[in-house]
Amino acid sequence: MRIATWNVNSVRARTDRIIDWLERSDVDVLAMQETKCKDAQFPFERFQEIGYEVAHVGLSQWNGVAIASRVGLEDVQIGFEDQPGFTKDPEAEQIREARAIGATCGGVRVWSLYVPNGRELDDPHYEYKLNWLAKLRDDAEGWLKKNPDQQIALVGDWNVAPTDEDIWDPAVFEGKTHTSPAERAAFDAFITSGFADVVRPHTPGPGVYTYWDYTQLRFPKKQGMRIDFILGSPAFAARVESAEIDREERKGKGASDHAPVIVTLGA
DNA sequence: ATGTCGTGGACGCCACGA
Numbered sequence: 001m002r003i004a005t006w007n008v009n010s011v012r013a014r015t016d017r018i019i020d021w022l023e024r025s026d027v028d029v030l031a032m033q034e035t036k037c038k039d040a041q042f043p044f045e046r047f048q049e050i051g052y053e054v055a056h057v058g059l060s061q062w063n064g065v066a067i068a069s070r071v072g073l074e075d076v077q078i079g080f081e082d083q084p085g086f087t088k089d090p091e092a093e094q095i096r097e098a099r100a101i102g103a104t105c106g107g108v109r110v111w112s113l114y115v116p117n118g119r120e121l122d123d124p125h126y127e128y129k130l131n132w133l134a135k136l137r138d139d140a141e142g143w144l145k146k147n148p149d150q151q152i153a154l155v156g157d158w159n160v161a162p163t164d165e166d167i168w169d170p171a172v173f174e175g176k177t178h179t180s181p182a183e184r185a186a187f188d189a190f191i192t193s194g195f196a197d198v199v200r201p202h203t204p205g206p207g208v209y210t211y212w213d214y215t216q217l218r219f220p221k222k223q224g225m226r227i228d229f230i231l232g233s234p235a236f237a238a239r240v241e242s243a244e245i246d247r248e249e250r251k252g253k254g255a256s257d258h259a260p261v262i263v264t265l266g267a
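Structure, rendered in structure tokens:
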């Protein structure tokens, strides 16, 4: 079985590209982030035509996460239990944004995650990001404690570069989000809880990234960030045979700014 | 091959988020 995660940066603007990629990549489960549409706007039919069921949550033009599967799609869950909400307006009610969806696919509990960006270190969105990660970690640790043998894959755009090797120039990120000690600690807490980065052993750095900003010629200059991850429970990690980052998919007109990340599982 | 991109609202650009 093959499982992938991909921040597609609009499923509508890139439907042909995503379908083409699915058809040739032999992936059984694709977790998508930043679909940027409401449920009613999602191109479900295009996925169904090539044999994939899709679960999606999208509330507006922002965020949006989905799981497409050709090996079953059971027990779909919109958001995790303690997922925090957010609002820019302190007077308004907090909204639980479309940033997490879970489903069981071929025996694996897959979570498609779009971690808040954080914007700036002094922005309320940054505290929201840290809290969001902490709450997800608490819940995920609970899932694992409840059933230590469960195959769980926490996949998606984590918006954190865990080490200096995961960015092209640490100096550029001084005082910026994605690399702060607090964000890195929030990410490392998942590892401490028993989830492993199952991709890194098969895609060693330095200079190995999953995201390149559209601006500043970042892709041709090979100036990217490694912020998309597949974290697996012990039972999941034990099945991983290989992994890859499909850098080719970042090329050409109409590419997402993120590349797909794929793991191949054995029996 | 790559010198931003995507979406929505009131446009034919601007605001916003990334």
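The letter at position 182 of the first sequence is residue 182 when you use this note's numbering, and the numbering goes up by one with no holes. Backbone N, C-alpha and C define an ideal beta-carbon position, used for all residues, glycine too.
Report the rounded CA-to-CA distance for residue i versus residue j, giving the unit in angstroms.
{"i": "residue 106", "j": "residue 28", "result": "9 Å"}
{"i": "residue 201", "j": "residue 243", "result": "8 Å"}
{"i": "residue 246", "j": "residue 43", "result": "23 Å"}
{"i": "residue 111", "j": "residue 68", "result": "12 Å"}
{"i": "residue 208", "j": "residue 70", "result": "29 Å"}
{"i": "residue 328", "j": "residue 165", "result": "The question about residue 328 has no answer here: the residues shown for the chain are numbered 1 through 267."}
{"i": "residue 212", "j": "residue 179", "result": "15 Å"}
{"i": "residue 141", "j": "residue 190", "result": "8 Å"}
{"i": "residue 133", "j": "residue 187", "result": "7 Å"}
{"i": "residue 177", "j": "residue 121", "result": "6 Å"}
{"i": "residue 254", "j": "residue 99", "result": "23 Å"}
{"i": "residue 236", "j": "residue 198", "result": "9 Å"}
{"i": "residue 95", "j": "residue 84", "result": "8 Å"}
{"i": "residue 116", "j": "residue 55", "result": "21 Å"}
Comparing C-alpha positions only, which one of the options sits nearest to residue i?
{"i": "residue 125", "options": "90, 109, 64", "result": "90"}
{"i": "residue 6", "options": "64, 204, 60", "result": "64"}
{"i": "residue 123", "options": "175, 96, 101", "result": "175"}
{"i": "residue 289", "options": "266, 36, 52, 172", "result": "For the chain, the structure presents residues 1 to 267; residue 289 sits outside this window and is missing."}
{"i": "residue 267", "options": "53, 254, 239, 157", "result": "239"}
{"i": "residue 232", "options": "23, 251, 156, 171", "result": "156"}
{"i": "residue 227", "options": "39, 161, 55, 33", "result": "161"}
{"i": "residue 80", "options": "32, 215, 148, 143", "result": "143"}
{"i": "residue 39", "options": "172, 234, 101, 49", "result": "101"}
Report yes or no: do the segment 35 to 49 and the segment 72 to 92 share at least 3 C-beta pairs separated by less than 8 Å?
-> no
Please confirm if the segment 142 to 153 is in contact with the segment 211 to 229, defined as three or more CB-CB distances below 8 Å between the two stretches.
-> No: fewer than three Cβ pairs fall under 8 Å.
Can you find at least 3 beta carbon pairs, one from the segment 2 to 17 and one from the segment 250 to 262, that sit closer than 8 Å?
-> yes
Alpha helix (DSSP H) runs contained entirely in the segment 142 to 222, provided each spans 4 or more residues = DSSP runs (the alpha helix (DSSP H)) wholly in the segment 142 to 222: 181 to 192.
Jot down the residue ranges of each uninterrupted beta strand (DSSP E) in the segment 5 to 57, minimum 3 residues, whole runs only, in chain order.
-> 29 to 33, 53 to 57
At which residue ranges does the segment 95 to 133 contain complete beta strand (DSSP E) runs of 3 or more residues, listed in the order of the chain?
-> 100 to 105, 108 to 114
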